[in-house]
Amino acid sequence: MTQPQKQSMAAEIRAAIEAEIESGALPPGTPLDERSLAERFGVSRTPVREALQQLAVQNLVRIAPRVGVFVSRMSITQLRETLELLGELEAVAAKLAARRMDDEQRLQLKASMQQCAEAFSQEDGKKFAEANAGFHDLVYAGSHNEYLVEQIQGIRRLMQRYRPKIFLTQGQRQRALADHQRLADAILSGDEAAAHTAMLEHAPVGTTGFSEFLSTLPMSYLETDSGPAAGMAPATAGKRGRRAATEDEGEARPRARRMPGRVSTA
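Here it is in structure tokens:
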């Protein structure tokens, strides 16, 4: 196999593994064996190793010397801080969308809201998740700021492996649909401040939202804040870790007022 062929194969393997990580087929902490992957893709271990190194650069896998390679896990602190950043960036995108979204994009946003509503009425979690992603993509595109969109999408890819259970319940879908409607109304009316606030309230970074978000995750998905090698053993934070996260949430004050008891599932 020539060097260009090896590079092409490494890219294909990286894309395949990345897709499985994002879909939840390879959850956080899953060990990745070079030999097994080489047999699966019918290649030598060299392109597999290159693919894993590329994924490590993206923080999707962690390579622990003399231990192995594992799908990366995030600590509770890392999750909270990442969601805080994502929420702020999405809120900026929503504000810019209210200012800049063109007529065609406005029609697309209305159609996307209809798709979300149809998926909700059909009680189809998978379809709703797809409609939700499409809605968010339209908001990002409406900002007409490519660099901002690139940053948001990068963080969402990083977080995707932690979202396999979002929209499992009709209650989660109902809250998300209501959030979307408020956000769409603000954008379509050109109300930048309302769009910014609506997106902040949609992000699961407040006390209630973050606690429920954590409750959807198996503890094996979480790294301890002390930072042992991901995947070496299941995370042991347990109830103590969740309690600490709840106590710390007061430090991550939401930038917008949240309705009492609201839970967001962005």
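Okay, so the sequence shown: first residue is 2 according to the working numbering, each after it adds one.
C-beta atoms are modelled at their ideal positions from N, C-alpha and C, and glycine is treated no differently.
Subject >> Gly172, DSSP secondary structure in three states >> reply: Note: Gly172 maps to helix in three-state DSSP.
Original post:
So, helix, strand or coil for Ala234, using DSSP?
Top reply: Any reading at Ala234 must be qualified, since the residue scores a pLDDT of 38, below 50, and its modelled position is unreliable; the value itself is stated next. Coil.
**OP:** Compute the beta-carbon to beta-carbon distance between Leu184 and Ala199, rounded to the nearest angstrom, for a pair I have assumed lies under 8 Å.
**Re:** The pair is a contact, with the Cβ atoms about 4 Å apart (cut-off 8 Å).
Subject >> C-alpha gap between Ser270 and Tyr163, whole angstroms >> reply: Beyond the ends of the chain as shown, which are 2 and 267, falls residue 270; an answer cannot be given.
Subject >> First and last residue of the uninterrupted beta strand (DSSP E) at Ala65 >> reply: Element bounds for Ala65: 62-65.
Subject >> Residue interval of the beta strand (DSSP E) (run including Val93) >> reply: From DSSP, Val93 is part of no beta strand (DSSP E) but of the alpha helix (DSSP H) over 77-101.
**OP:** Determine the contact status of His145 and Arg101, defining contact as a CB-CB distance below 9 Å.
**Re:** Contact annotation: His145 and Arg101 have beta-carbon atoms nearer than 9 Å.
Original post:
Whose C-alpha, out of Ala130, Glu85, Glu124, is nearest the C-alpha of Ser113?
Top reply: Closest by alpha carbon: Ala130.
**OP:** Would you tell me roughly how many angstroms separate the C-alpha atoms of Glu147 and Leu90, rounded to the nearest one?
**Re:** Note on geometry: alpha-carbon atoms of Glu147 and Leu90 lie some 13 Å from one another.
Subject >> Which of helix, strand or coil DSSP assigns to Pro48 >> reply: Here Pro48 sits in helix by DSSP.
Original post:
Can you tell me the Cα-Cα spacing of Ala99 and Ile14, whole angstroms?
Top reply: In a straight line, the C-alpha of Ala99 is about 39 Å away from that of Ile14.
Subject >> Spatial distance of Ala95 from Glu40 (CA atoms) >> reply: Between Ala95 and Glu40, the C-alpha separation is close to 46 Å.
Subject >> Option nearest Met10 by Cα separation, candidates Thr78, Arg50, Leu27 >> reply: For Met10, the nearest C-alpha among the options comes from Arg50.
Subject >> Per-residue burial, Ala196 [other beta carbons within 10 Å of its own, 16 or more giving buried] >> reply: With 16 or more neighbouring CB atoms inside 10 Å of its own CB, Ala196 falls in the buried class.
**OP:** Out of Ile64, Phe168, Gln79, point me to the one whose CA is closest to Ala1's CA.
**Re:** Look at the range of the chain in this structure, 2 to 267, and you will see that residue 1 is not part of it.
**OP:** State the Cα-Cα distance for the pair Asp103 and Gln109, rounded to the nearest angstrom.
**Re:** Rounded to whole angstroms, Asp103 and Gln109 show a C-alpha spacing of 10 Å.
**OP:** Output the residue ranges of the alpha helix (DSSP H) runs that lie fully inside the segment 21-47 and measure 4 residues or longer, sorted by chain position.
**Re:** Listed in chain order, the complete alpha helix (DSSP H) runs (minimum 4 residues) inside the segment 21-47 are 35-42.
Original post:
Taking the DSSP output, what are the residues bridged to Gly69?
Top reply: Answer by DSSP bridge pairing, in chain order: Ala65.
Subject >> Alpha carbon of Tyr106 to alpha carbon of Ala132, nearest angstrom >> reply: Sequence inspection shows Gln at residue 106; the Tyr mentioned does not correspond to that position. Spanning the two alpha carbons is a distance of roughly 15 Å.
**OP:** Could you check which residue in Glu23, Pro48, Ser122, Ala57 has the C-alpha nearest to that of Gln175?
**Re:** Checking every option, the nearest Cα to that of Gln175 belongs to Ser122.
Subject >> Cutoff 6 Å; reference Gln55; Cβ partners in own chain excluding five residues on either side >> reply: Only Arg15 meet the Cβ criterion.
Subject >> Segment contact flag, the segment 53-72 with the segment 21-28, C-beta cutoff 8 Å, min 3 pairs >> reply: Flag = yes, the segment 53-72 and the segment 21-28 touch.
Subject >> Alpha-carbon to alpha-carbon, Gln154 and Arg81 >> reply: Inter-residue distance for Arg81 and Gln154 is about 17 Å (C-alpha atoms, whole angstroms).
Original post:
Where Lys128 and Ser45 are concerned, what is the direct C-alpha to C-alpha distance, given to the nearest angstrom?
Top reply: When rounded, the distance between both Cα atoms is 38 Å.
Subject >> Alpha carbon of Asp138 to alpha carbon of Arg157, nearest angstrom >> reply: Distance from the CA of Asp138 to the CA of Arg157, rounded to the nearest whole angstrom, comes to 11 Å.
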